[in-house]
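One structure is given below, encoded as structure tokens.
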Amino acid sequence: MLKQRPEGLFGLIADLVGIISPILTSRTRLGLGTAIELSYLSLEDSLALMQHYAQEKGVDLTPSQAQIIHQKAGGLPLAMVYIISQIAVYDLTVKPFSTKLTTPEHDLIQYCFAEIVQSLKSKPAYAVLMVLALFPESASLEALHQIAFGAADMNITHQNLETLDRLSLTESHQGRYDLHPLTKTYMRAELEMNPEFEQTARERWIAWYLNFLQPYSQQNWRDWQGYASLEPEWDTIREVMEWCKDHNRYPEFKQLWQCLKGYTQNYGHWHERTAWMDWLMETATQHTDWPTMADALYHASRTLYLFNQPEQTQQAIAFAQRAWELSQSHCNWDFQTDLCIHLAALYIQNQQFEQAWDWLNQGEHLLHQFDQPTTHLDQWLNIDYYKAQLCLHDQDYEQAKQFYQQALQNAETIEWQRAIVYIKGGLALIAITQHNLDEAGSMVSPTAGETVSPVSNAGAAAIWETEEGVASGILDSAACALSPWRGTSRLVAPIDNARPTMAAEVRARRFTPDGASSESPA
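If you want this note's numbering, it's the 1-based position in the sequence shown plus 79.
Below is the structure:
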């Protein structure tokens, strides 16, 4: 009735106002009265609905099977009822990845979406739906517009999103747009049936994220950076990387990776780093691209280093040694120096201190030979930092202090905030060991105008237990965790108040100034 003669129904409702309170249900927003949004069911409510309907249909449904159905249906009541009905009639088996219940041609999806989507095929809104199907999670308005319509007027995207919203085909939250899982399943099938559009959309999809990530390629990936704009896009960025990998888009993959080195390391996406570097090493070998191969080996080694497990450490050393061999013919002295510093850190982690000294001396030799006048202060301070750690191992606190102070001077010169925090933590450790708590406090208390690390914003309290007694104070979480030598001091209070997105830093007890952790992330 509504579809054929909506004006008659609206007139009838108007006549009834004041007599009764009618409730009108529709997939299309009508602009009448007060809208009551019916959201998708929670897992708890879905289980209750399915238990009731399964009993009614005589279906034996286990809780685990019910959870699978909830996931497949996305909390949509009609979908869950329809699936249980199919089980009752056809005696289907519920499996996590059963194609019978999830193929786009499934009757349920056709029933819910076919007619309304087909009516949009000749309209720009159809393009918006297909582009939204590219995104594993929500899309920003800017990305959606550029990928769907390129340089066209933004108003076209606004207008069509309003149309799709009225049809209840899209969901929006804080300026981002998404599809319900069932709608997305249907639209991905539609996208596959439009290969020319998909090819164009995929190219724009990649180009948009290359442009979006470009500013991060100019930043020091070892230092703390502001990733607030990247975090909401991470799921899609990961999807773009995987698509480039699966479709052998080697140049684009390399460009994207250059922008993601810091984020993936500092925000704990180590498993992605491992998988991506495996593919990059294999593909670089096929292209005889030895500089990229060396860089991939280096970052694969850094990732393994983060886990601080004997087997991973040995593999990390092997990767770094292979990178060193390739660098002799294919990489510059700057990269070689980074490798020397990294190998020193690996050997410290592996308790092979003589080899660590050898690699630090090799890196220092390269700097003396090529860094004239001195410009690579980040590398100089890294060498001094690790020398200080080795001196701590020998309990030569005065020499360690000198190396830390020299490293701190260089870190402050180049305003490397991460290094400043960790070096001050090392100096505070020495001061505590020497019973100078005032000096230790001055090292870890931020001065006026000083940048505070993301971890220290949590205000974590740490208590240090030494041989002679207990010294306590409010220390920066990352700085206090610097002690690599448990015979000197040990951390006895857990650090658990840092931001969840800094999980890599929270889980690891000890850090290097260039961002690597040398203790288990578990």
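Using N, Cα and C, we set each Cβ at its ideal position, and we do this for glycine too.
- Taking the CA atoms as reference points, GLN393 sits about 29 Å from GLN334.
- Collapsing the DSSP output to three states places HIS259 in coil.
- Going by DSSP, GLU250 is part of the beta strand (DSSP E) stretching over 250–252.
- In the structure shown, SER296 adopts helical secondary structure according to DSSP, grouped into three states.
- For VAL319, the closest C-alpha among the options TYR306, TRP336, ILE499 is that of TRP336.
- The shortest CA-to-CA distance from ALA212 to any of ASP450, SER201, GLU271, VAL160 is the one to GLU271.
- In terms of Cβ geometry, MET129 and ILE163 form a close pair [threshold 8 Å].
- Counting other Cβ atoms within 10 Å of its Cβ, GLN428 reaches 16 or more and is therefore classed as buried.
- Contact between the segment 227–246 and the segment 199–207 is present: 3 or more CB-CB pairs across the two stretches fall below 8 Å.
- Taking 4 residues as the minimum length, the alpha helix (DSSP H) runs contained wholly in the segment 319–397 are 329–345, 349–365, 369–386, in order along the chain.
- Three or more beta-carbon pairs separated by less than 8 Å are not found between the segment 335–355 and the segment 251–270, which leaves the two stretches without contact.
- For ALA467, DSSP assigns no beta-bridge partner whatsoever.
- By the criterion of at least three beta-carbon pairs nearer than 8 Å, the segment 297–309 is not in contact with the segment 220–236.
- In the structure shown, ALA218 adopts extended strand secondary structure according to DSSP, grouped into three states.
- Annotation: GLN146 to GLY520 spans about 52 Å, alpha carbon to alpha carbon.
- About 6 Å separates the beta carbon of LEU418 from that of ALA402, a gap short enough to meet the 8 Å contact definition.
- In terms of CA proximity to TRP355, HIS378 leads the group LEU445, ASP368, ALA399, HIS378.
- Across the structure, PHE386 and ASP475 are spaced so that their CA atoms are roughly 28 Å apart.
- In the structure shown, ILE493 adopts helical secondary structure according to DSSP, grouped into three states.
- Exclusion of the five residues before and after LEU506 leaves TYR483, MET522 as the residues of its chain whose Cβ lies within less than 6 Å of its Cβ.
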